[in-house]
Amino acid sequence: MKYIDEFRNGAIAIKLSKKIADIVAGHDEITLMEVCGSHTMNIYRYGLKKLLPSNIRLLSGPGCPVCVTPTSYIDTAIAISQKYSQEVLITTFGDLFRAPGSTSSLEREKARGASVIIVYSTLDALEIAKNNAGKKVVFLGIGFETTTPTIAASIIEAEKRNLTNYFVLTSHKVMPPVMEALLRDKELNLDGFLCPAHVSTIIGSKPYEFIARDFHIPCVIAGFEPLDILQGIYMLLEQITRKESSVTIQYSRVAKYEGNPTALALLNRVFEPCDAEWRGLGIIPGSGLKLRSQYERFDAHTVFRISDFGFQINSAIRNPQSAINGCICGDILRGVKLPADCKLFGKVCNPEHPVGACMVSSEGTCAAWYKYGEN
Amino acid sequence: MKNDKITLAHGSGGKLTHELVKQLFLPRFNNKALSQLGDSAILHIHGMRIAFTTDSYVVKPLFFPGGDIGKLAVNGTINDLAVVGAEPMFLSAGFIIEEGFELSLLEKVVNSMKEAATLASVEIVTGDTKVVEKGSVDGLYMNTCGIGIVNNGINLSTSSIKIGDKIIISGTIGDHGMAVLSERESLGFNSQITSDCAPLSGTIKKILASGTHVKFMRDPTRGGLATTLNEIVNTQEYGIVIDEQSIPVNDGVRALCEILGYDPLYIANEGKVVIVVSAHDADKVYEILKEDSLGRDAAIIGEVVIEPKGKVCLKTVIGGTRVIDMLVGDQLPRIC
Numbered sequence: 074m075k076y077i078d079e080f081r082n083g084a085i086a087i088k089l090s091k092k093i094a095d096i097v098a099g100h101d102e103i104t105l106m107e108v109c110g111s112h113t114m115n116i117y118r119y120g121l122k123k124l125l126p127s128n129i130r131l132l133s134g135p136g137c138p139v140c141v142t143p144t145s146y147i148d149t150a151i152a153i154s155q156k157y158s159q160e161v162l163i164t165t166f167g168d169l170f171r172a173p174g175s176t177s178s179l180e181r182e183k184a185r186g187a188s189v190i191i192v193y194s195t196l197d198a199l200e201i202a203k204n205n206a207g208k209k210v211v212f213l214g215i216g217f218e219t220t221t222p223t224i225a226a227s228i229i230e231a232e233k234r235n236l237t238n239y240f241v242l243t244s245h246k247v248m249p250p251v252m253e254a255l256l257r258d259k260e261l262n263l264d265g266f267l268c269p270a271h272v273s274t275i276i277g278s279k280p281y282e283f284i285a286r287d288f289h290i291p292c293v294i295a296g297f298e299p300l301d302i303l304q305g306i307y308m309l310l311e312q313i314t315r316k317e318s319s320v321t322i323q324y325s326r327v328a329k330y331e332g333n334p335t336a337l338a339l340l341n342r343v344f345e346p347c348d349a350e351w352r353g354l355g356i357i358p359g360s361g362l363k364l365r366s367q368y369e370r371f372d373a374h375t376v377f378r379i380s381d382f383g384f385q386i387n388s389a390i391r392n393p394q395s396a397i398n399g400c401i402c403g404d405i406l407r408g409v410k411l412p413a414d415c416k417l418f419g420k421v422c423n424p425e426h427p428v429g430a431c432m433v434s435s436e437g438t439c440a441a442w443y444k445y446g447e448n
Numbered sequence: 002m003k004n005d006k007i008t009l010a011h012g013s014g015g016k017l018t019h020e021l022v023k024q025l026f027l028p029r030f031n032n033k034a035l036s037q038l039g040d041s042a043i044l045h046i047h048g049m050r051i052a053f054t055t056d057s058y059v060v061k062p063l064f065f066p067g068g069d070i071g072k073l074a075v076n077g078t079i080n081d082l083a084v085v086g087a088e089p090m091f092l093s094a095g096f097i098i099e100e101g102f103e104l105s106l107l108e109k110v111v112n113s114m115k116e117a118a119t120l121a122s123v124e125i126v127t128g129d130t131k132v133v134e135k136g137s138v139d140g141l142y143m144n145t146c147g148i149g150i151v152n153n154g155i156n157l158s159t160s161s162i163k164i165g166d167k168i169i170i171s172g173t174i175g176d177h178g179m180a181v182l183s184e185r186e187s188l189g190f191n192s193q194i195t196s197d198c199a200p201l202s203g204t205i206k207k208i209l210a211s212g213t214h215v216k217f218m219r220d221p222t223r224g225g226l227a228t229t230l231n232e233i234v235n236t237q238e239y240g241i242v243i244d245e246q247s248i249p250v251n252d253g254v255r256a257l258c259e260i261l262g263y264d265p266l267y268i269a270n271e272g273k274v275v276i277v278v279s280a281h282d283a284d285k286v287y288e289i290l291k292e293d294s295l296g297r298d299a300a301i302i303g304e305v306v307i308e309p310k311g312k313v314c315l316k317t318v319i320g321g322t323r324v325i326d327m328l329v330g331d332q333l334p335r336i337c
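Residue numbers (this note's numbering), protein chains in the order written: chain W, 74 to 448; chain S, 2 to 337.
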């Protein structure tokens with residue numbers, strides 16, 4: 074298939090893997106983090122680790138939107154579906170469907186009778202709102218800069234169509250602050266970031282510049298295809314071996330320095346920065362996005378008075394339940410532990426019965442390990 | 002968080018379905034024919050081997066590019082009989098119809114059943130009709146059972162599979178699942194994906210009549226090629242390695258899978274068969290398939306290997322290797 078097969082060429086992959094082996098020959102161990110879940114998934118899907126020399130260590134970062142969505146968010150969505158069961162339709166992206174809350178998941182709630190509909194885009198949710206005027210349609214708005222502009226667009230569209238029954242339960246996140254938080258983590262010694270492809274098509278390369286400048290960590294924005302990933306790794310190694318640090322773009326066919334100004338304008342029109350809770354990482358200042366006050370009437374937090382539900386905002390790290398059940402999703406998301414370090418992995422926790430979110434999302438590190446046979 | 006309720010994942014044909022079968026049904030119904038867990042049970046009656054199978058159909062939408070629930074219900078049961086080496090003969094048809102269902106639609110479904118049955122030379126000899134209150138079912142659900150005779154000399158079983166045997170797929174994978182999905186979800190793609198729903202009995206008959214040493218066959222329906230291959234190696238003293246590059250996938254299916262984050266290996270097929278055949282006869286079976294209208298895109302995709310035992314591995318297009326597990330739950334479209 075055009076524009077796909079070219080980036081999955083086995084002969085070029087072998088050449089790139091030789092170049093990678095040459096440039097790091099005799100070098101101490103180098104630790105790189107692929108920030109995005111799609112990178113993680115494709116590294117396993119194509120068996121890329123077998124093409125890399127043993128002194129390169131790849132860590133998966135917090136770039137899987139489902140994995141970093143806190144338990145309390147799922148609990149809130151379930152609570153809305155229960156408390157307003159007669160009037161609410163929950164709409165969600167598919168991979169949030171099985172994510173575990175503290176006692177249940179949307180999948181289980183659906184089996185018990187909750188109205189949960191998987192949609193492919195926010196526009197589907199708008200259509201559902203239009204066709205169900207007597208119901209309140211709540212869209213579960215999670216994700217990074219890649220998806221947030223589409224949610225902003227749905228709100229602008231709902232306003233244009235005078236839809237009064239469409240609401241978003243927001244838990245949107247942005248990438249650069251969490252990368253900074255990881256760099257400040259004493260347990261984690263990173264030599265380079267493989268920056269996310271799709272997020273960077275929206276935000277461009279500028280927001281990563283502080284990482285190269287202040288922390289002296291090289292960054293390469295790389296595409297998701299296997300050759301993109303290998304070339305991205307090679308470009309990182311070039312900088313590391315020359316002791317340089319800058320932000321460069323491997324994925325230049327789509328990602329640009331300035332990003333996508335139209336999408337950014339839309340995002341900034343509807344959302345503003347806020348502090349946000351990340352599963353396993355706690356609250357990171359300025360790492361979230363919330364609806365601006367002029368769009369408050371679309372905000373499910375306000376409309377359903379979620380502050381009255383009696384939920385405590387709890388991070389997985391501090392969540393007593395995590396401590397009891399032994400899930401180390403948090404440490405895995407921070408890159409300080411591997412799924413193999415978890416005593417639940419592959420035993421109590423597997424894709425049929427996930428304990429932590431890293432096992433649920435197809436892009437989660439534990440799911441990738443399990444699915445592709447690292448267990 | 003253990004399941005106390007049936008979820009959709011229990012019906013996906015993947016791991017949870019197997020769990021249900023092995024933990025709930027098998028121990029209670031416990032008998033020799035069932036414990037084989039074949040696509041059809043093989044019954045020894047008065048010196049004859051009768052293949053017997055049943056399947057229910059709850060496809061949504063009822064009409065999709067390339068077929069409808071009626072065609073599917075007839076061909077699905079024909080294929081379950083054919084892959085165990087039986088010649089399909091008689092089918093039953095059960096209808097559970099929602100009150101208010103359009104009679105003209107039912108007529109359309111029945112007409113396509115008639116057409117499919119005629120094409121495969123089987124007769125629908127018994128049936129049942131139930132109508133339930135509006136809202137109790139989604140339009141129309143169906144069940145078909147089928148019987149056929151396994152001719153002398155045909156012995157298909159995973160136990161005759163040997164190291165070095167070849168794996169053949171009779172054509173492109175994922176067409177049915179993606180055709181139904183794109184119709185159901187009104188994805189707005191201008192896709193030309195058509196279900197592969199078809200009766201395999203004619204094609205399989207030619208292969209079995211050719212004197213080739215076919216060891217085992219299965220049609221990769223729910224759970225797709227990956228799940229079927231896992232069912233073959235499960236608890237066996239051998240594994241299977243397949244080559245990603247050799248697996249035929251239509252461009253439309255590939256494109257839609259790329260967009261939604263689906264893996265075609267796990268998407269349902271309704272007119273394909275996986276054949277395990279001796280290395281010596283693999284080319285011959287491949288040639289027979291190539292001459293058949295339902296096997297034009299057939300490919301030899303892999304072989305039976307000694308290690309890793311009980312596992313299916315995939316050689317990726319760029320030269321890596323990964324393990325292919327069974328489907329867990331339905332595939333879900335990813336967020337980005």
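Virtual Cβ for every residue (Gly too), placed ideally from N, Cα, C.
Residue i CB to nearest heavy atom of the ligand NAD below 6 Å
{"i": "glycine 207 of chain W", "result": "Ligands in the displayed structure: none, and consequently the ligand NAD is not present."}
Nearest residue (CA-CA) to residue i, options the options
{"i": "proline 143 of chain W", "options": "W:Tyr443, W:Lys246, W:Pro250 and W:Met308", "result": "W:Lys246"}
{"i": "valine 234 of chain S", "options": "S:Phe96, S:Phe26, S:Lys163 and S:Arg50", "result": "S:Lys163"}
{"i": "isoleucine 1 of chain S", "options": "S:Ser13, S:Ile97, S:Leu333 and S:Val84", "result": "Limits of chain S in this structure are 2 at one end and 337 at the other, which puts residue 1 of chain S out of reach."}
{"i": "valine 367 of chain W", "options": "W:Leu179, W:Leu196 and W:Ala225", "result": "Going by the sequence as given, residue 367 of chain W is glutamine instead of valine. Considering only alpha carbons, the answer is W:Ala225."}
{"i": "asparagine 205 of chain W", "options": "W:Glu160, W:Val192 and W:Ile229", "result": "W:Glu160"}
{"i": "lysine 203 of chain W", "options": "W:Thr237, W:Ser178 and W:Pro222", "result": "W:Thr237"}
{"i": "phenylalanine 297 of chain W", "options": "W:Ala86, W:Arg257, W:Ile116 and W:Gly207", "result": "W:Ile116"}
{"i": "glutamate 103 of chain S", "options": "S:His214, S:Glu88 and S:Leu141", "result": "S:Leu141"}
{"i": "leucine 362 of chain W", "options": "W:Thr321, W:Phe217 and W:Phe371", "result": "W:Phe217"}
{"i": "alanine 256 of chain S", "options": "S:Ile155, S:Val215, S:Asp176 and S:Lys33", "result": "S:Asp176"}
Proximity below 7 Å, CB of residue i to CB of residue j
{"i": "isoleucine 46 of chain S", "j": "tyrosine 58 of chain S", "result": "no"}
{"i": "leucine 132 of chain W", "j": "methionine 106 of chain W", "result": "yes"}
{"i": "proline 265 of chain S", "j": "valine 254 of chain S", "result": "yes"}
{"i": "leucine 309 of chain W", "j": "glycine 277 of chain W", "result": "no"}
{"i": "proline 250 of chain W", "j": "isoleucine 357 of chain W", "result": "yes"}
{"i": "proline 249 of chain S", "j": "aspartate 298 of chain S", "result": "yes"}
{"i": "glycine 14 of chain S", "j": "arginine 223 of chain S", "result": "yes"}
{"i": "alanine 285 of chain W", "j": "serine 325 of chain W", "result": "no"}
For residue j and residue i, the rounded distance between their alpha carbons
{"i": "alanine 295 of chain W", "j": "valine 327 of chain W", "result": "10 Å"}
{"i": "glycine 399 of chain W", "j": "alanine 441 of chain W", "result": "20 Å"}
{"i": "leucine 61 of chain W", "j": "glutamate 288 of chain S", "result": "The structure shown has nothing for residue 61 of chain W, since chain W only spans 74 to 448."}
{"i": "lysine 285 of chain S", "j": "valine 278 of chain S", "result": "10 Å"}
{"i": "isoleucine 302 of chain S", "j": "isoleucine 169 of chain S", "result": "6 Å"}
{"i": "alanine 227 of chain S", "j": "alanine 283 of chain S", "result": "20 Å"}
CB contact check: residue i to chain W, cutoff 7 Å
{"i": "isoleucine 319 of chain S", "result": "yes"}
{"i": "lysine 16 of chain S", "result": "yes"}
{"i": "leucine 333 of chain S", "result": "yes"}
{"i": "methionine 2 of chain S", "result": "The predicted position of methionine 2 of chain S is uncertain, since its pLDDT is 42 and thus under 50; a value taken from the coordinates is nonetheless stated next. At least one chain W Cβ lies under 7 Å of methionine 2 of chain S."}
{"i": "arginine 255 of chain S", "result": "yes"}
{"i": "aspartate 176 of chain S", "result": "no"}
Proximal chain S residues relative to residue i, where beta-carbon distance stays under 9 Å
{"i": "isoleucine 87 of chain W", "result": "Ile319 and Gly320"}
{"i": "lysine 444 of chain W", "result": "Arg323, Val324, Ile325, Asp326 and Val329"}
Contacts of residue i in chain W (Cβ-Cβ under 8 Å)
{"i": "isoleucine 7 of chain S", "result": "Ala184"}
{"i": "isoleucine 252 of chain S", "result": "The sequence shown places aspartate at residue 252 of chain S, rather than the isoleucine named in the question. Neighbours of aspartate 252 of chain S on chain W, chain order: Met74."}
Within chain W, partners of residue i - CB distance below 9 Å
{"i": "glycine 262 of chain S", "result": "Ser111, Met114, Gly167, Asp168, Ser435 and Glu436"}
C-beta neighbour in chain S for residue i, strict 7 Å
{"i": "phenylalanine 80 of chain W", "result": "no"}
{"i": "glutamate 230 of chain W", "result": "no"}
{"i": "lysine 123 of chain W", "result": "yes"}
{"i": "glycine 403 of chain W", "result": "no"}
{"i": "tyrosine 324 of chain W", "result": "no"}
{"i": "glutamate 180 of chain W", "result": "yes"}
{"i": "proline 299 of chain W", "result": "yes"}
{"i": "glutamate 425 of chain W", "result": "yes"}
{"i": "tyrosine 146 of chain W", "result": "no"}
{"i": "glycine 359 of chain W", "result": "no"}
Chain-ordered neighbours of residue i on chain S, where CB pairs are closer than 8 Å
{"i": "isoleucine 77 of chain W", "result": "Arg255 and Glu259"}
{"i": "arginine 118 of chain W", "result": "Thr317 and Arg323"}
Contacts of residue i in chain W (Cβ-Cβ under 7 Å)
{"i": "glutamate 186 of chain S", "result": "Tyr193"}
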